[in-house]
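A.B. asks: Chains as they are written, first to last, in the working numbering: chain A, 327 to 633; chain B, 327 to 633. A virtual CB, placed ideally from N, CA and C, is assigned to each residue, including glycine. Here the structure is a predicted model, which is why all the values come from computation and not from measurement. Pasting a structure below so you can have a look.
2 protein chains.
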Amino acid sequence: MSILVVGSVAFDTIATPSGRVTDILGGAATYFSLAASYFTEVRVVAVVGADFTSEHEAVLKNRKVDTRGIERTQGKTFRWGGQYLDNLNEAKTDFTELNVFEKFQPRIPKEYADSQFLFLANIHPSLQSAVRREMNGVRLTGGDTMNFWIQGTPKELAETLKLVNVLLINDTETKMLAGEKNLLRAAKKVIAMGPSALVVKHGEYGATIFFREGAFGLGAHPFRAPALPIDEVKDPTGAGDSFAGGFMGYIASQGEINREVLKRALFYGGVMGSFAVERFGTERLQNLTREEIDARFQIFRELTHLE
Amino acid sequence: MSILVVGSVAFDTIATPSGRVTDILGGAATYFSLAASYFTEVRVVAVVGADFTSEHEAVLKNRKVDTRGIERTQGKTFRWGGQYLDNLNEAKTDFTELNVFEKFQPRIPKEYADSQFLFLANIHPSLQSAVRREMNGVRLTGGDTMNFWIQGTPKELAETLKLVNVLLINDTETKMLAGEKNLLRAAKKVIAMGPSALVVKHGEYGATIFFREGAFGLGAHPFRAPALPIDEVKDPTGAGDSFAGGFMGYIASQGEINREVLKRALFYGGVMGSFAVERFGTERLQNLTREEIDARFQIFRELTHLE
Chain A
327 MSILVVGSVA
337 FDTIATPSGR
347 VTDILGGAAT
357 YFSLAASYFT
367 EVRVVAVVGA
377 DFTSEHEAVL
387 KNRKVDTRGI
397 ERTQGKTFRW
407 GGQYLDNLNE
417 AKTDFTELNV
427 FEKFQPRIPK
437 EYADSQFLFL
447 ANIHPSLQSA
457 VRREMNGVRL
467 TGGDTMNFWI
477 QGTPKELAET
487 LKLVNVLLIN
497 DTETKMLAGE
507 KNLLRAAKKV
517 IAMGPSALVV
527 KHGEYGATIF
537 FREGAFGLGA
547 HPFRAPALPI
557 DEVKDPTGAG
567 DSFAGGFMGY
577 IASQGEINRE
587 VLKRALFYGG
597 VMGSFAVERF
607 GTERLQNLTR
617 EEIDARFQIF
627 RELTHLE
Chain B
327 MSILVVGSVA
337 FDTIATPSGR
347 VTDILGGAAT
357 YFSLAASYFT
367 EVRVVAVVGA
377 DFTSEHEAVL
387 KNRKVDTRGI
397 ERTQGKTFRW
407 GGQYLDNLNE
417 AKTDFTELNV
427 FEKFQPRIPK
437 EYADSQFLFL
447 ANIHPSLQSA
457 VRREMNGVRL
467 TGGDTMNFWI
477 QGTPKELAET
487 LKLVNVLLIN
497 DTETKMLAGE
507 KNLLRAAKKV
517 IAMGPSALVV
527 KHGEYGATIF
537 FREGAFGLGA
547 HPFRAPALPI
557 DEVKDPTGAG
567 DSFAGGFMGY
577 IASQGEINRE
587 VLKRALFYGG
597 VMGSFAVERF
607 GTERLQNLTR
617 EEIDARFQIF
627 RELTHLE
């Protein structure tokens, strides 16, 4: 079933202990789309400038991602520059040039109106809410946010959280959003704000999904997927969005939404995140096969499976 | 089968966001013994001062721990004071009074000579090596160490590592010992130093066991056990030693040492660590039942188990 993602397309300048790249294709919507494209049909709503070429677009089209919702405007595409030093889990931002992204008003092509799944990548919560209201026929909405909105636009974010079924954020964001340092208590508080499920991404330690009691016909027991220890993390950029793409893409590929589907989705999220960090930018996500993905899923499963 | 632990018995003064306690029974050998006592026969070698009373000893004896190897000397028992502030994974030490522990020379009672398993808790690596050489008939030796020895006595520690089959340390210690920031590469370097297996404890994220290729008839694939998100961590003191006690105790309770046993042992380690932190000091470890332990083992298993 088709999934619509609304978010950023960007050009990233990244330095890590493994090297340095300039103005490579990135952005949450890009990573999400590529990761989800191995599971289901993906549609993108984003905005780019005149510097976004047909070669950039081909990266998405080659994975059969529907790019009709990528609006082209005067000006330059969103640019982000950052570096990862000792701690590969945390980027130090060098610069952020919003450019055309500053006035982004998501416009959903009418061909996208029948999308059954929706992912609201990390943009202003008011835009997330507007998109969600327009797409009021979707079966499941996933969403992301960040410290900037948690601290800067808490009221707008509170509205968005009431419209999102599954929120995907990291440990620090969860604790900040809840104003609570214990993860389990923080997760309960976040779920009380609206989402039926909360996926907390732990970086190299995997992810945990917490459920609202009774949501999806489920009990409140959390579930945790591990992450594979990786030999070399070349570039952590996009790992979280690739996780979200694998998670939402797998759910959208299944007929129903139940606990087992959500558990496997959490593993597939980890799998796609682990591929993403093996190369700079989107390189590794461009040329995977479903066989490679399923082989790594089995490794993840074995990693933590008791007979 | 019986397990011998050599390490510290201490009186701890601890402050956490949940409260404060003064001079309560602690020490690595204490936590280890109590945790392991639910699985197998445990024998302790340690040193205490005149302030160690029969009431303190009863905590161990009530769990049928053999205390004949606890040497009583003139002076005061080892004292440690520390606090946990925002980050419950990391203690800030307020004071360390080695007292009788400063001149600790482990003496192994002849009744302990037939112990089949050995755990060298965190003491000077030269003492660890001496004990291991004396107990040269054991089937499996586990060991712990810390940044103080990694940085202060690297040559002595290198000797110890050649005598230890399974080393149990945390992420930071692993990376420090290897001089390598990537966990997987660091684990490989540590295993090249001697141990057949390395257990890296991730605090609230569980633990990973890495194997030397071919050790225990195993391939080199790592295995990871998750940890349960806990509502309230009252006191993290002793979590790592309780983990080691559950891990080694379970192994000692089994007839053979193979991959499945080591995997389950990793889960039991996490289970005992999770109980330990629910109360201050050793309180929770004093009155468990094997049924409670196995019930939590099932929860841990379900936490990460795909159908």
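#1: Just tell me which of H450/A, I577/A, L386/A has its CA closest to the CA of L483/A.
#2: Please check the pair V370/B and G395/B, which I expect to be a contact at CB under 8 angstroms, by giving their CB distance rounded to whole angstroms.
#3: Got a sec: is the Cβ-Cβ distance from D557/A to anything in chain B below 8 angstroms?
#4: Looking only at its own chain, which residues have a Cβ that is under 7 angstroms from the Cβ of L351/B, when we skip the five neighbours before and after it?
#5: Closest to K501/A by CA distance: which of K527/A, T486/A, K481/A is it?
#6: V374/A bridges to which residues according to DSSP?
#7: If I follow the unbroken beta strand (DSSP E) through G408/A, where does it start and stop?
#8: Identify each residue in the segment 444–463 of chain B for which the Cβ-Cβ distance to at least one residue of chain A is less than 9 angstroms, and report them in chain order.
#9: Assuming A447/B contacts G333/B under a Cβ cut-off of 8 angstroms, what Cβ separation, rounded to an integer in Å, is found between them?
#10: Just mark E586/A as buried or exposed, buried being the case when its beta carbon has 16 or more other beta carbons within 10 Å.
#11: For the 8 angstroms Cβ check, are there 3 or more pairs between the segment 339–348 of chain A and the segment 457–477 of chain A?
#12: Mapping DSSP to helix, strand and coil, what is I619/A?
#13: Which term fits K560/A, buried or exposed, when burial requires 16 or more other beta carbons within 10 angstroms of its beta carbon?
#14: Comparing alpha-carbon positions, which option in D497/A, K488/A, T379/A lies nearest T399/A?
#15: Would you list, in chain order, the members of the segment 503–515 of chain A that have their beta-carbon closer than 8 angstroms to a beta-carbon of chain B?
#16: Taking the beta carbon of L411/B as the centre, do at least 16 other beta carbons fall within 10 Å, making it buried, or is it exposed?
#17: With G319/A as the anchor, note down where its alpha helix (DSSP H) starts and where it stops.
#18: Quick check on I517/A: does DSSP put it in helix, strand or coil?
#19: If you measure from the beta carbon of A621/A to each beta carbon in chain B, is any gap under 8 angstroms?
#20: Interface residues of chain A around A551/B at Cβ under 8 angstroms?
#21: Could you confirm whether any beta carbon from chain A is found closer than 8 angstroms to the beta carbon of E586/B?
#22: Please decide whether F606/A counts as near chain B, where near means a Cβ-Cβ distance under 8 angstroms.
#23: Listed in chain order, which residues of the segment 564–597 of chain A have Cβ atoms closer than 8 angstroms to some Cβ of chain B?
#24: Is it buried or exposed for E530/B, if we count other Cβ within 10 angstroms and need 16 for buried?
#25: Is there a Cβ of chain A sitting closer than 8 angstroms to that of E499/B, yes or no?
#26: For M619/B, collect the residues of the same chain with a Cβ closer than 7 angstroms to its Cβ; drop the 5 residues on either side in sequence, then sort them by chain order.
#27: When you compare the CB of Y410/B with every CB in chain A, is at least one pair closer than 8 angstroms?
#28: At a Cβ threshold of 8 angstroms, is T342/A touching chain B?
#29: Please list the partners that Y634/B has in chain A, where partner means a Cβ-to-Cβ separation under 8 angstroms.
#30: In the structure shown, what three-state DSSP assignment does L414/B receive?
#31: Is the beta carbon of T366/B closer than 8 angstroms to that of G575/B?
#32: Considering only the alpha carbon of each residue, which of G408/B, I535/B, A439/B, F623/B lies closest to T339/B?
#33: Check the Cβ of R627/A against every Cβ in chain B and list those closer than 7 angstroms, keeping chain order.
#34: Please tell me whether A551/B and A533/B are closer than 8 angstroms, where the distance is taken between their beta carbons.
#35: Just to confirm my understanding: we take R405/B, look at its own chain, exclude 5 residues before and 5 after, and list those with CB closer than 6 angstroms. What are they?
#36: List, in order along the chain, the chain B residues whose C-beta lies closer than 9 angstroms to that of P548/A?
C.D. replies: Taking the structure as given:
#1: Taking the first residue of the first sequence as position 1, residue 483/A is located at position 157. Comparing Cα-Cα distances from L483/A to each of H450/A, I577/A, L386/A, the minimum goes to H450/A.
#2: Here the question's residue 370/B lines up with position 44 in the second sequence. Here the question's residue 395/B lines up with position 69 in the second sequence. Indeed they touch by this definition, with Cβ atoms about 5 angstroms apart.
#3: For the purposes of this step, residue 557/A is identified with residue 231 of the first sequence, where counting begins at 1. It does; some Cβ of chain B falls within 8 angstroms.
#4: As a first step, residue 351/B must be located in the second sequence, where it is residue number 25. Once the five neighbours on either side are set aside, the close Cβ partners of L351/B are F337, H382, V385, G607, T608.
#5: Here the question's residue 501/A lines up with position 175 in the first sequence. Residue K527/A is the option with its Cα nearest to K501/A.
#6: Taking the first residue of the first sequence as 1, we reach residue 374/A at position 48. Answer by DSSP bridge pairing, in chain order: R398/A.
#7: Taking the first sequence and counting its residues from 1, one reaches residue 408/A at position 82. Here the beta strand (DSSP E) through G408/A covers 405–409.
#8: none
#9: For the purposes of this step, residue 447/B is taken as residue 121 along the second sequence, with counting starting at 1. For the purposes of this step, residue 333/B is taken as residue 7 along the second sequence, with counting starting at 1. Confirmed, Cβ separation roughly 3 angstroms.
#10: Sequence index remark: in the first sequence, residue 586/A carries index 260 (1-based). Label assigned to E586/A: exposed.
#11: No, because fewer than three Cβ pairs between the segment 339–348 of chain A and the segment 457–477 of chain A fall closer than 8 angstroms, the two stretches do not touch.
#12: Numbered from its first residue, the first sequence carries residue 619/A at position 293. In this structure, I619/A counts as helix in the three-state DSSP scheme.
#13: Translated into the one-based positions of the first sequence, residue 560/A becomes position 234. With 16 or more other CB atoms across the displayed protein chains lying within 10 angstroms of its CB, K560/A is buried.
#14: By one-based count along the first sequence, residue 399/A stands at place 73. For the residues D497/A, K488/A, T379/A, the minimum Cα distance to T399/A belongs to T379/A.
#15: K507, N508, L509, L510, R511, A513
#16: Here residue 411/B is taken as the residue at index 85 of the second sequence, counted from 1. By the 10 Å Cβ count, L411/B comes out exposed.
#17: Residue numbering for chain A in the displayed model covers 327 to 633; residue 319/A lies beyond these limits and cannot be assessed.
#18: Looking up residue 517/A in the first sequence gives position 191. Helix, per DSSP.
#19: Counting from one through the first sequence, the residue named residue 621/A turns up at place 295. So no, A621/A is outside the interface.
#20: As a first step, residue 551/B must be located in the second sequence, where it is residue number 225. The contacting residues are T630.
#21: As a position in the second sequence, residue 586/B is number 260, starting the count at 1. E586/B counts as touching chain A.
#22: Within the first sequence, the letter at position 280 stands for residue 606/A. Interface criterion not met: the Cβ of F606/A is under 8 angstroms from no Cβ in chain B.
#23: Hits within the stretch, in order: E586, K589, R590, F593.
#24: Working through the second sequence from its first residue, we reach residue 530/B at position 204. Counting Cβ neighbours within 10 Å, E530/B comes out buried, since at least 16 surround it.
#25: The residue labelled residue 499/B in the question sits at position 173 within the second sequence. No, its Cβ sits nowhere closer than 8 angstroms to a Cβ of chain A.
#26: Position 293 of the second sequence, counted from the first residue, corresponds to residue 619/B. Residue 619/B is actually Ile in this sequence, not Met. Around I619/B: Y364, V597.
#27: The residue you call residue 410/B lines up with position 84 of the second sequence. Not an interface residue.
#28: Taking the first sequence and counting its residues from 1, one reaches residue 342/A at position 16. Not an interface residue.
#29: The question about residue 634/B has no answer, for chain B in this structure spans 327 to 633.
#30: One-based indexing of the second sequence puts residue 414/B at position 88. Coil at L414/B, not helix or strand.
#31: Residue 575/B sits at position 249 when you count from the first residue of the second sequence. Residue 366/B sits at position 40 when you count from the first residue of the second sequence. Cβ distance < 8 angstroms, so G575/B and T366/B count as in contact.
#32: By one-based count along the second sequence, residue 339/B stands at place 13. That would be G408/B, whose Cα lies nearest to the Cα of T339/B.
#33: Position 301 of the first sequence, counted from the start, is the residue given in the question as residue 627/A. Think of a sphere of 7 angstroms around the beta carbon of R627/A: the chain B residues whose beta carbon falls inside it are L632, in chain order.
#34: Start at 1 with the first residue of the second sequence, and residue 551/B comes out as number 225. Start at 1 with the first residue of the second sequence, and residue 533/B comes out as number 207. Taking 8 angstroms as the Cβ cut-off, A551/B and A533/B qualify as a contacting pair.
#35: Within the second sequence, the letter at position 79 stands for residue 405/B. Excluding positions up to five away in sequence, the list reads F337, E423.
#36: The residue given as residue 548/A occupies position 222 in the first sequence. What P548/A touches in chain B: L554, P555, L629.
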